[in-house]
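From first to last, the protein sequence lines stand for chains A and B. Under our numbering, the letters of the first sequence match residues 1 to 231, in that order. Under our numbering, the letters of the second sequence match residues 232 to 453, in that order.
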Amino acid sequence: MQHIVKYEPTFSMLQVSLAPGETIIAEAGSMVARSASLSMEVKLNAGKNAGFFGKMKAFFIAIIRKIVGGETFFVNHFSSPQGGWVWLAPSLSGGIRPIQLAGNSMIFSAGAFLASAGDIDLKMRWGGLRALLAKEGAFFVEASGNGQIFVTSYGAIDEIQCNGSYIVDNGHIVGFDSSLDFKIRSGGGGLLGFMASGEGIVCEFTGQGKILIQSRNTSALVDWLTPMLPP
Amino acid sequence: MQVNLLYRPSQSLAQCWLQAGESVVAESGAMVGMSTNVQMQTQSGGLMKGLKRLFGGESFFRNTFTAQGGQGEVLFATPLCGDMAVLDAGHKQWCIQSSAYVASSPSVDVKTKTGGFKGMFSGAGLFMLETSGMGQVVIGTFGALEQVQVDGSMVIDTGHLAAWESTLQYKVGKSGSGWIASFLSGEGLVCHFEGQGTVYLQSRNAAEYGSTIGGLLPPREQ
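Right, dumping it as structure tokens:
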């Protein structure tokens, strides 16, 4: 599989060419164009080796996600015996970053996943209250295995090396190494800081690993836009 | 008419230089600025033509800008952030997705064309524009523009189509193997192209962008 990301960082588009028999799994609705040789198959976004119960779990999570967040829970598998190409793009303005996994695992906020190829297992993980407060949705996606994944953002993607600890504002997390631990806390400055700084809740990461952040924040856009709309 | 495209690809602005007496036709609302010697005239080109455009997701009226007594300049832009391109009509003719049309030389006839019954569901293909005559057409897109040479066949999401050469055969259809699969795939409808020719793609889909942002906004109070 060969890939190239064009038009970074605002209108990024991923162009992938597949060798015969290779498959790329992409988020529903992300296809821009494809060669006619490729076939597209819709599948429920369950784990790779999920059994019946795993699939049931994925299905229930899918329904909850659909109700809670209105996110898509189907993925499209693109492949063909003779190979071909497919182009993918996210719906908002932002970047695309290819990440190579070699046995390690990473955790992504639910909207960040664009595509994966190779021996990658994607699992939906309940993020709990901290994920909700961090404005990353109730679920995280955990990716593990060997292969290539592609994540997207709203805004540009920056990679931060966390040595010990690092703080990221809520809503700006794209993903992080699963070796890192994170908790939510106040941004500092006491009660006034919590209420008035606009940085009320932040995420503090501890450990060694990399964090991907996005330079824009969807909920900040929504908060800005909402009062502008006519009643 | 000489067209310069400024601030590409995100914030493109089309700067059109007109000779004395020369005109340019544009989508209503596309004008950003103009010299004072440029005169604007609003025309629908007839009731039926206007209505057809209205159904096609365009505006009822189009404006004609004419430079009077000397050179003049007119600036055009699109509502969303994105790239622009100038298409030459003449030995090649173009089909343009109606929302991508910005401006054209008056010598080019830009007609609304129905996409047929299938196109009705596409959101993009119900009405499109087809050029005839000689001159230039300015298109504006949402996102970056990618120029692709179709040689054989290709499948493109209807929401990402900007313009294509009218020599290409196309068919709007479902994206997957069945209608349910196509619905779940989130790709909506796709356009199957056959033949040889150029296609302009936009890297973002306006309808998808709208539903993504719209889904996050609080519901309107009734």
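The beta carbon of each residue, even a glycine, is placed where N, CA and C say it ideally should be.
Per the coordinates, the alpha-carbon of isoleucine 444 of chain B lies some 43 Å from the alpha-carbon of glutamine 250 of chain B.
For leucine 92 of chain A, at least one C-beta of chain B is nearer than 8 Å to its own C-beta.
Chain-ordered, the chain B residues with CB closer than 7 Å to the CB of methionine 31 of chain A read Asp388, Glu418. The three-state reading of DSSP puts glycine 364 of chain B in strand, counting E and B together. Looking at the DSSP output, tryptophan 126 of chain A shares a beta bridge with A:Phe139.
Rounded to the nearest whole angstrom, the CA to CA distance from valine 317 of chain B to leucine 244 of chain B is 12 Å. The beta carbon of cysteine 312 of chain B sits closer than 7 Å to the beta carbons of Ser241, Gln242 from its chain, once the five residues preceding and following it are set aside; these are given in chain order. Following the DSSP letters along the chain, one finds aspartate 223 of chain A inside the alpha helix (DSSP H) bounded by residues 218–225. Note on geometry: alpha-carbon atoms of alanine 298 of chain B and glutamine 427 of chain B lie some 39 Å from one another. The C-alpha of glycine 207 of chain A is placed about 28 Å away from the C-alpha of glycine 118 of chain A. For the beta strand (DSSP E) assignment, the uninterrupted runs of no fewer than 3 residues enclosed by the stretch 249–305 of chain B are, from N- to C-terminal side, 254–258, 262–265, 269–274, 293–298. For serine 80 of chain A, the closest of A:Ala110, A:Arg34, A:Leu88 by C-alpha to C-alpha distance is A:Arg34. DSSP, read as helix, strand or coil, puts leucine 447 of chain B in helix.
In this structure the stretch 430–443 of chain B does not lie against the stretch 37–46 of chain A, because fewer than three pairs of beta carbons, one per stretch, are closer than 8 Å.
Boundaries of the alpha helix (DSSP H) harbouring alanine 412 of chain B: 410–416, taken from the DSSP string.
The contact set of serine 35 of chain A on chain B, defined by CB atoms closer than 9 Å, consists of Gly383, Ser384, Met385, Val386 in chain order. Taking a Cβ-Cβ threshold of 7 Å, the residues of chain A close to leucine 447 of chain B are Thr218, Val222, in chain order.
At a C-beta separation below 8 Å, leucine 229 of chain A has these neighbours in chain B: Leu448, Arg451. Runs of the beta strand (DSSP E) spanning 3 or more residues and lying entirely within the stretch 361–401 of chain B occur at 366–371, 376–388, 392–396, in chain order.
Under the Cβ distance rule, cysteine 247 of chain B does not count among the residues neighbouring chain A, no pair being separated by less than 8 Å.
By the rule that beta-carbons nearer than 8 Å mark a contact, tyrosine 440 of chain B touches chain A.
Listed along chain B are Leu448, Pro449, each with a C-beta nearer than 8 Å to that of threonine 226 of chain A.
Here DSSP, grouped into helix, strand and coil, assigns serine 165 of chain A to strand. Within 10 angstroms of the beta-carbon of tryptophan 126 of chain A lie fewer than 16 other beta-carbons, which makes it exposed.
Scanning its chain for C-beta atoms nearer than 7 Å, with the 5 sequence neighbours on each side dropped, one finds around serine 153 of chain A the residues Gly94, Gly95, Ala112, Val174, Gln214, in chain order. If you check each beta-carbon in the stretch 6–30 of chain A against every beta-carbon of chain B, the ones closer than 9 Å belong to Lys6, Tyr7, Thr10, Phe11, Ser12, Met13, Gln15, Glu27, Ala28, Gly29, Ser30.
Within chain B, the residues whose beta carbon sits less than 7 Å from that of methionine 40 of chain A are Ser406, Gly407, Ser416, listed in sequence order. Listed along chain A, the residues sitting closer than 9 Å to serine 241 of chain B by beta-carbon distance are Thr10, Phe11, Ser93. Taking a beta-carbon distance threshold of 8 Å, asparagine 76 of chain A counts as an interface residue toward chain B.
Within chain A, the C-beta atoms nearer than 9 Å to that of cysteine 312 of chain B come from Thr10, Phe11, Ser93, in chain order.
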